[in-house]
Amino acid sequence: MLQRVKRGIALAAAGLAVLTVAGSPAVGGPLPDPAVDPDGNLVANASFEVGDAAKHPVGWVISGAPSAQSAAVSGTAANVRTGHASLQIVDPSDNNVTVRSENVSGHAGVTYAAKAWVKGGSGTSAWLYLEAWDATGTRVGVTSAAPAFSTSWQQVSLSLAAPAGTVHVTVAVYGSVTTSGTSYYDDVSLTASAPAYNPAIGPARELFLDDYRIESATNVGRLVHPATKRSTPVIVADKPWESTVYIYGSVVTGSPGAAYKMWYTAYNTDFGTYLLCYATSTDGITWTKPSLGKVDFNGSTANNIVNKLGGTVLYDPASAAGRQYKLLTYVSSPQGYYAYFSGDGITWTASTHNPVLPYGDVSNVVFDAARGRYIATTKQRTVDIATTPGTNDRMAYVSTSTDFETWSVPALAVEGDYRDDEAARGAGGLEMQIYGMPVYPYESTYLGLPWMFDVDNYTEGGYAPAGDGPIVPQLASSRDLVQWSRPARTPVLPLGEAGAWDDSMIFTSTTMQIGTGTVSMYYGGFNVGHGGGAGQRASIGLATWRRDGFESLHNAGDDPGTVVTRPITFTGDTLHLNTMVAAGGSVTVAVLNSSGTPVAQSAPITGDQLDATVSWTSGASLSSLAGQQVKLRFSVDGADLYSYWVTPAS
């Protein structure tokens with residue numbers, strides 16, 4: 126256990142190092158995403174600077190004839206375009222040597238662009254391919270280009286709209302089928318089209334979890350702010366049917382009855398059964414486990430067991446009677462995710478459409494009230510796509526529904542990529558996978574908390590074949606539930622210190638409680654990793670963040686920073702900021718017109734302000750600029766900037 130905890134700490138440190146380096150550009154430009162190269166490149170080792178002992182390029186897979194002579198990193202200066210190396214392809218006739226990038230997460234409907242520089246050495250130059258693959262590893266889309274032979278560097282470009290079913294995209298350099306030759310490739314890139322941009326903002330807060338509204342930034346970096354955790358659990362396993370208690374489930378407020386209602390999971394080791402249990406509270410801290418009289422356990426129904434399935438619950442008061450509470454859970458036969466409905470959250474009726482979603486394991490559900498739809502994130506697995514051969518790769522998929530019974534085909538949302546795997550291997554593990562990912566409609570975006578499973582090994586613990594290692598939540602966000610951004614990869618809800626009750630695995634509730642100044646969330650914590658082991662315990666705790674305070678744009682105060690938005694429009698007349706300014710620091714805002722000229726300048730903002738109303742000292746009033754396309758330029762000196770929004774005057 127101690128080894129796993131130390132690895133989790135090392136991983137957090139590794140993630141912070143990535144953020145510090147890649148998240149603080151010294152010159153103006155889009156904030157680089159540590160998940161990719163600063164120019165948005167999705168391909169690892171794109172310039173072939175790194176090779177292994179056999180001179181094969183790291184981050185690429187060779188097939189056909191994987192010898193050093195067929196495909197190798199070459200450092201010959203005459204054949205290098207930039208940096209210190211390039212890829213040399215030597216392809217004897219009919220050898221069909223292929224050098225393919227590691228899988229990159231792909232999304233149906235997104236257009237991908239591949240570019241590469243190629244130089245001929247002799248014979249016929251290798252082709253460039255852009256490919257789309259489904260979850261079975263079947264190629265479902267492809268485009269290619271055969272560059273004309275030239276001893277000078279030339280750029281080849283490809284574009285592909287990912288078809289339905291796409292899970293991964295790859296770039297490949299492919300030797301000719303019938304002819305032979307030697308060629309050199311360098312500076313490969315793979316980029317994805319950006320989500321459609323809507324300049325309109327309003328009372329929904331704009332956070333800095335992605336680059337969607339950021340045009341340029343100087344001397345600022347993203348900083349993840351870990352939750353403050355209550356030192357002791359709020360619910361522990363203290364009933365005969367509870368060997369461990371944790372929460373994939375939900376906490377509902379605002380429904381009839383108790384102020385707080387919780388549906389949580391209890392596992393009974395004697396019976397090998399997952400139980401969905403129910404608790405209530407008046408303050409969210411002290412919980413009661415009422416006797417429901419519904420499920421028999423050892424000859425008695427005097428317990429708080431709702432069912433013997435587990436699952437996650439949501440509450441939609443606008444639904445028809447008897448369907449206000451909705452449950453999604455896993456049933457093994459026929460395998461799938463099953464939907465249930467209830468009027469009180471205790472007595473449930475199965476949907477006649479079950480199973481409503483394929484596969485079955487961890488699921489999280491939420492109601493997106495603003496768009497009138499339900500969102501389910503489900504764990505799906507793919508065989509032989511994991512980094513470790515012969516094992517399953519866990520990924521988070523998203524589906525939506527307007528009735529909770531007819532769902533869209535699950536589409537890949539987030540999976541562990543090469544950056545995650547590098548971090549895992551750097552800390553002594555094998556790879557990183559997504560164990561689950563609740564999604565929360567939050568202000569102007571969707572917030573996701575991917576549970577990052579740092580797979581240590583497949584040999585330790587009672588569940589060794591499924592992998593052992595720590596699990597800890599990070600941050601993800603999306604504007605459309607299709608493309609997800611993960612620029613800062615440090616734990617947002619970190620493991621406890623060695624020996625703590627939550628020092629090895631953390632899972633999060635599917636709901637969050639949003640207050641005026643804080644956001645809180647219940648979570649399940651384990652004292653052993655996924656492989657299990659003697660002395661395993663699990664309890665439910667409470668974590669709290671500052672309002673909007675998951676992540677900020679940070680400036681330490683040494684050199685003031687600036688952040689300029691993309692063009693925005695608004696209808697209100699009052700700009701608000703959520704910011705924490707250190708002593709001696711400040712945040713100011715300038716409004717820029719379409720020519721980039723300041724037309725309004727704010728007074729300095731200081732102190733710790735959850736809702737700072739911006740006042741203007743010169744230039745036009747904000748109301749006079751309503752409806753026009755403008756940009757905001759934030760000057761940040763020794764401060765954390767969390768969010769901004771525009772409202773009508775009160």
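Just so we're aligned, residue 126 is where the sequence shown starts under the working numbering, counting upward by one. A virtual CB, placed ideally from N, CA and C, is assigned to each residue, including glycine.
Beta-carbon proximity of residue i to residue j, cut-off 8 Å
{"i": "residue 630", "j": "residue 637", "result": "no"}
{"i": "residue 698", "j": "residue 747", "result": "yes"}
{"i": "residue 570", "j": "residue 334", "result": "yes"}
{"i": "residue 311", "j": "residue 205", "result": "yes"}
{"i": "residue 429", "j": "residue 451", "result": "no"}
{"i": "residue 602", "j": "residue 572", "result": "yes"}
{"i": "residue 255", "j": "residue 212", "result": "no"}
{"i": "residue 470", "j": "residue 386", "result": "yes"}
{"i": "residue 490", "j": "residue 439", "result": "yes"}
{"i": "residue 319", "j": "residue 237", "result": "no"}
{"i": "residue 706", "j": "residue 730", "result": "yes"}
{"i": "residue 691", "j": "residue 340", "result": "yes"}
{"i": "residue 360", "j": "residue 665", "result": "yes"}
{"i": "residue 585", "j": "residue 579", "result": "no"}
{"i": "residue 462", "j": "residue 442", "result": "no"}
{"i": "residue 203", "j": "residue 180", "result": "no"}
Distance, residue j Cα to residue i Cα
{"i": "residue 527", "j": "residue 173", "result": "47 Å"}
{"i": "residue 614", "j": "residue 581", "result": "18 Å"}
{"i": "residue 170", "j": "residue 530", "result": "44 Å"}
{"i": "residue 146", "j": "residue 267", "result": "For residue 146, the pLDDT reaches just 25, beneath the cut-off of 50, and the residue's location in the model is therefore unreliable, although a value from the coordinates is still provided. About 36 Å."}
{"i": "residue 652", "j": "residue 168", "result": "37 Å"}
{"i": "residue 356", "j": "residue 663", "result": "14 Å"}
{"i": "residue 563", "j": "residue 514", "result": "28 Å"}
{"i": "residue 362", "j": "residue 368", "result": "6 Å"}
{"i": "residue 588", "j": "residue 655", "result": "7 Å"}
{"i": "residue 685", "j": "residue 433", "result": "57 Å"}
{"i": "residue 395", "j": "residue 687", "result": "59 Å"}
{"i": "residue 752", "j": "residue 716", "result": "13 Å"}
{"i": "residue 322", "j": "residue 338", "result": "9 Å"}
{"i": "residue 606", "j": "residue 538", "result": "7 Å"}
{"i": "residue 773", "j": "residue 722", "result": "25 Å"}
{"i": "residue 82", "j": "residue 755", "result": "Residue 82 lies beyond the stretch modelled for the chain, which goes from 126 to 775, so this question has no answer here."}
{"i": "residue 546", "j": "residue 521", "result": "16 Å"}
{"i": "residue 292", "j": "residue 235", "result": "11 Å"}
{"i": "residue 739", "j": "residue 758", "result": "13 Å"}
{"i": "residue 464", "j": "residue 475", "result": "6 Å"}
{"i": "residue 232", "j": "residue 405", "result": "40 Å"}
{"i": "residue 389", "j": "residue 435", "result": "8 Å"}
{"i": "residue 353", "j": "residue 437", "result": "24 Å"}
{"i": "residue 425", "j": "residue 289", "result": "50 Å"}
{"i": "residue 178", "j": "residue 376", "result": "53 Å"}
In DSSP terms, what residue i is bridged to
{"i": "residue 489", "result": "502"}
{"i": "residue 630", "result": "596 and 651"}
{"i": "residue 573", "result": "564 and 601"}
{"i": "residue 293", "result": "230 and 258"}
{"i": "residue 789", "result": "For residue 789 there is no data in the structure shown, the boundaries of the chain being 126 and 775."}
{"i": "residue 343", "result": "687"}
{"i": "residue 668", "result": "354 and 646"}
{"i": "residue 470", "result": "Answer by DSSP bridge pairing: none, since residue 470 is not bridged."}
{"i": "residue 387", "result": "376 and 404"}
{"i": "residue 741", "result": "727"}
{"i": "residue 366", "result": "The partner list for residue 366 (beta bridge, DSSP) is empty, contrary to what the question assumes."}
{"i": "residue 412", "result": "406"}
Other residues of its chain near residue i: CB distance less than 6 Å, five sequence neighbours each side excluded
{"i": "residue 460", "result": "485"}
{"i": "residue 252", "result": "269, 271 and 299"}
{"i": "residue 693", "result": "324 and 326"}
{"i": "residue 225", "result": "186, 295 and 297"}
{"i": "residue 566", "result": "493"}
{"i": "residue 245", "result": "274, 275, 276 and 308"}
{"i": "residue 533", "result": "524 and 525"}
{"i": "residue 735", "result": "642, 672 and 703"}
{"i": "residue 392", "result": "368, 369 and 399"}
Beta-carbon contacts of residue i that lie in its chain and below 8 Å, excluding the five residues immediately before and after
{"i": "residue 468", "result": "446, 447, 448, 449 and 450"}
{"i": "residue 506", "result": "484, 486, 517, 518, 519 and 520"}
{"i": "residue 282", "result": "238, 239, 240 and 270"}
{"i": "residue 184", "result": "168, 169, 170, 175, 226, 227 and 543"}
{"i": "residue 411", "result": "359"}
Residues of its chain near residue i, where Cβ-Cβ distance is below 7 Å and the 5 sequence neighbours each way are ignored
{"i": "residue 248", "result": "304, 305, 306 and 307"}
Pairing CB atoms from the region 755-765 with CB atoms from the region 664-680, are three or more of them under 8 Å?
yes
Are there three or more Cβ pairs, one per stretch, closer than 8 Å when the region 544-556 is compared with the region 493-506?
no
Counting pairs of Cβ atoms below 8 Å between the region 558-565 and the region 617-626, do you hit three or more?
no
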